[in-house]
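Undergrad:
Protein chains: 2
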Amino acid sequence: MNHDLLLANIAKHIQLNEEEKQHFLSFLQVKKVKKKQHLLLEGDVNRSAMFVTSGCLRAYHLDENGFQYIQQFAPEGWWIADMYSFITQEPGHLYIDALCDSELLLISKANLEKLYKEIPKFNHYFRVLAEKSLVSFQSRSMENLRLTAKERYEKFCLRYPTLIDFISQKQIAAYIGVTPEFLSKMLHA
Amino acid sequence: MNHDLLLANIAKHIQLNEEEKQHFLSFLQVKKVKKKQHLLLEGDVNRSAMFVTSGCLRAYHLDENGFQYIQQFAPEGWWIADMYSFITQEPGHLYIDALCDSELLLISKANLEKLYKEIPKFNHYFRVLAEKSLVSFQSRSMENLRLTAKERYEKFCLRYPTLIDFISQKQIAAYIGVTPEFLSKMLHA
DNA sequence: CCTTTTTCTTAATCTAGGTTATTTTTTCTG
DNA sequence: CAGAAAAAATAACCTAGATTAAGAAAAAGG
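Protein chains in written order, with the working numbering: chain A, 1 to 189; chain B, 1001 to 1189.
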């Protein structure tokens, strides 16, 4: 089943009995999306956090000149959301879309709050996720100042080994913050 | 008292009765540091998270050429730690030191784990802190690619309004990721 | 399978910000 | 308060990566 990946991920951090598992699963909604389909647009309120059971999503920012800056990719087994909007339930600044046909599990903000009340150890699970993600973005924010484009490319390869041969150079360029022209030149130099 | 600032911060997120407050406070240790004194060196395990009750700390990375990259400042009322090292209890990569004489409250990793068990709602408090910090570093990591040095300087001023006239240009340059020479030129252009 | 769209490549030119070096100003410290 | 150390300013020159443009290759879609 497509829940297994998520339950396995949770089991790494907290122990759930059968009843708790079922209760948790009852809060989830399955969603299928086609390649290029958007799940969130700039200005939307992000009402659900998304767990990718198959496929791949991405979250990106679009600047005033039309350039995309990719905040993160979410291949199979990753959570994704516009955290700012999800936490505050105010309009956000990110777009989220599918890089290929994908299957997701959604948990709404309202259900997540219920979950925290009814099974408090989920506070622990999501705290640990938030902390790990925090560490990773703390590194990245300094790497983006400190490292050259080539070094950032290498970090990308380490962080997303499954994506290197799967997504276009244009996507990688938008993640490491260079133009596609420069990335092409760099890879052929 | 120097605990009040922290208790007020906590009260914004969770309600504690008098007993819980006292129990929490019993886990804390007060520490005073002088200007320039280090609290953490690269390679150290960060055993305690630090809350600044007065003064200002900073966390920075030192690269192979001796350049400092400041991850964050922690003026009065802020938490600071090398999150990677604090979470994993493995040697970290950051330095933490005091920009002026400062007073801190420390909570050790061990005591924090006890606190989570004994007063589970602290999971909620630190989850919310981690989420807010995550949002802020997610923005910053993209801003560091997207924005010009001048725009990053403006973001710095918004994020740390109390620091602008208090810290040296050299510190600001190390935070926004430019050389002190360029920042000086930029501010006089 | 053919057409359209998107992506990739190459190359010439340009610029934000870096480097190096020197001088001036400010701040520590004894 | 003097001398030393650190920070800031200024300037000449340098480079990583951007911009623009145009053609080639690949992918998508009907």
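The beta carbon of each residue, even a glycine, is placed where N, CA and C say it ideally should be.
Tell me, to the nearest whole angstrom, how far the beta carbon of A/Phe86 is from that of A/Ala59; I am working on the premise that it is less than 8 Å.
TA: Counting from 1 along the first sequence, the entry for residue 86 of chain A is found at position 86. Counting from 1 along the first sequence, the entry for residue 59 of chain A is found at position 59. The Cβ separation is near 11 Å, so there is no contact.
Undergrad: Under 8 Å: do the region 1024-1032 of chain B and the region 1099-1107 of chain B share three or more Cβ pairs, one atom per stretch?
TA: yes
Undergrad: Please classify A/Gln71 as buried or exposed, where buried requires at least 16 other C-beta atoms within 10 Å of its C-beta.
TA: Numbered from its first residue, the first sequence carries residue 71 of chain A at position 71. That one is buried.
Undergrad: Which parts of the region 120-170 of chain A are runs of the alpha helix (DSSP H), unbroken and 4 residues or longer, counting only runs that do not cross its ends?
TA: 121-146, 149-159
Undergrad: Could you give the residue range of the alpha helix (DSSP H) that holds B/His1220?
TA: As displayed, chain B neither begins before 1001 nor continues past 1189, which places residue 1220 of chain B out of reach and without an answer.
Undergrad: Less than 6 Å between C-beta atoms, sequence neighbours within five positions excluded: which residues of the same chain meet that for B/Tyr1153?
TA: Taking the second sequence and counting its residues from 1, one reaches residue 1153 of chain B at position 153. Once the five neighbours on either side are set aside, the close Cβ partners of B/Tyr1153 are Ile1176.
Undergrad: Check whether the Cβ of A/Ser184 lies closer than 8 Å to any heavy atom of the ligand SAH, and answer yes or no.
TA: For the structure depicted, the ligand SAH is absent and the ligand set is empty, with no information on it obtainable.
Undergrad: Have a look at B/Arg1140 and B/Arg1047 and give me their C-alpha separation to the nearest angstrom.
TA: In the second sequence, residue 1140 of chain B corresponds to position 140, counting from 1. In the second sequence, residue 1047 of chain B corresponds to position 47, counting from 1. The alpha-carbon atoms of B/Arg1140 and B/Arg1047 are separated by roughly 26 Å.
Undergrad: For a minimum of 3 consecutive residues, which ranges assigned as the beta strand (DSSP E) are wholly contained in the region 1075-1114 of chain B?
TA: Counting whole runs of 3 or more residues, the region 1075-1114 of chain B contains the beta strand (DSSP E) stretches 1095-1108.
Undergrad: Under 9 Å between C-beta atoms, does A/Arg127 make it to chain B?
TA: Walking along the first sequence from the start, residue 127 of chain A turns up at place 127. Chain B contact via Cβ: present.
Undergrad: Interface residues of chain A around B/Ala1130 at Cβ under 8 Å?
TA: Residue mapping note: residue 1130 of chain B aligns to position 130 of the second sequence, counting from 1. Chain order gives the chain A residues near B/Ala1130 as Arg127, Ala130, Glu131, Leu134, where near means a beta carbon separation below 8 Å.
Undergrad: State yes or no: is the C-beta of A/Leu57 within less than 9 Å of the C-beta of A/Asp97?
TA: Walking along the first sequence from the start, residue 57 of chain A turns up at place 57. Walking along the first sequence from the start, residue 97 of chain A turns up at place 97. For A/Leu57 and A/Asp97, yes; Cβs fall inside 9 Å.
Undergrad: Leaving out five residues on either side along the sequence, give the residues of the same chain with a beta carbon under 6 Å from the beta carbon of B/Asn1111.
TA: Position 111 of the second sequence holds residue 1111 of chain B. Cβ within range, chain order: Phe1027.
Undergrad: Would you mind sorting A/Leu7 into buried or exposed? The rule is 16 or more other CB atoms within 10 Å of its CB.
TA: Sequence index remark: in the first sequence, residue 7 of chain A carries index 7 (1-based). Counting the other CB atoms within 10 Å of its CB gives A/Leu7 a total below 16, which places it among the exposed residues.
Undergrad: Below 9 Å between beta carbons: does that hold for B/Pro1161 and B/Gln1169?
TA: Taking the second sequence and counting its residues from 1, the one referred to as residue 1161 of chain B is at position 161. Taking the second sequence and counting its residues from 1, the one referred to as residue 1169 of chain B is at position 169. Contact flag unset, no.
Undergrad: Between the C-alpha atoms of A/Gln22 and B/Phe1166, what's the straight-line distance to the nearest angstrom?
TA: Counting from 1 along the first sequence, the entry for residue 22 of chain A is found at position 22. Counting from 1 along the second sequence, the entry for residue 1166 of chain B is found at position 166. C-alpha of A/Gln22 to C-alpha of B/Phe1166: approximately 55 Å in a straight line.
Undergrad: Go to A/His188, then tell me how far its alpha helix (DSSP H) extends in each direction, as first and last residue.
TA: Along the first sequence, one-based indexing puts residue 188 of chain A at 188. Looking at the DSSP string, the run of the alpha helix (DSSP H) that includes A/His188 is 180-188.
Undergrad: Counting contacts by CB-CB distance shorter than 9 Å, is A/Asp43 in contact with chain B?
TA: Indexing the first sequence from 1 puts residue 43 of chain A at position 43. The sequence given here places Gly at residue 43 of chain A; Asp does not occur at that position. Chain B, which has no Cβ nearer than 9 Å to the Cβ of A/Gly43, makes this no.
Undergrad: Short check: CB of B/Tyr1095 to CB of B/Leu1041, under 9 Å?
TA: The sequence position of residue 1095 of chain B within the second sequence is 95, counting from 1. The sequence position of residue 1041 of chain B within the second sequence is 41, counting from 1. Their beta carbons are under 9 Å apart, which means B/Tyr1095 touches B/Leu1041 by this criterion.
Undergrad: When the distance is taken between beta carbons, is B/Ser1133 closer than 9 Å to B/Lys1032?
TA: Residue mapping note: residue 1032 of chain B aligns to position 32 of the second sequence, counting from 1. Residue mapping note: residue 1133 of chain B aligns to position 133 of the second sequence, counting from 1. No, Cβ-Cβ distance for B/Lys1032 and B/Ser1133 is not below 9 Å.
Undergrad: Can you tell me where the alpha helix (DSSP H) holding B/Lys1036 begins and where it ends?
TA: Here residue 1036 of chain B is taken as the residue at index 36 of the second sequence, counted from 1. From DSSP, B/Lys1036 is part of no alpha helix (DSSP H); its letter is neither H nor E.
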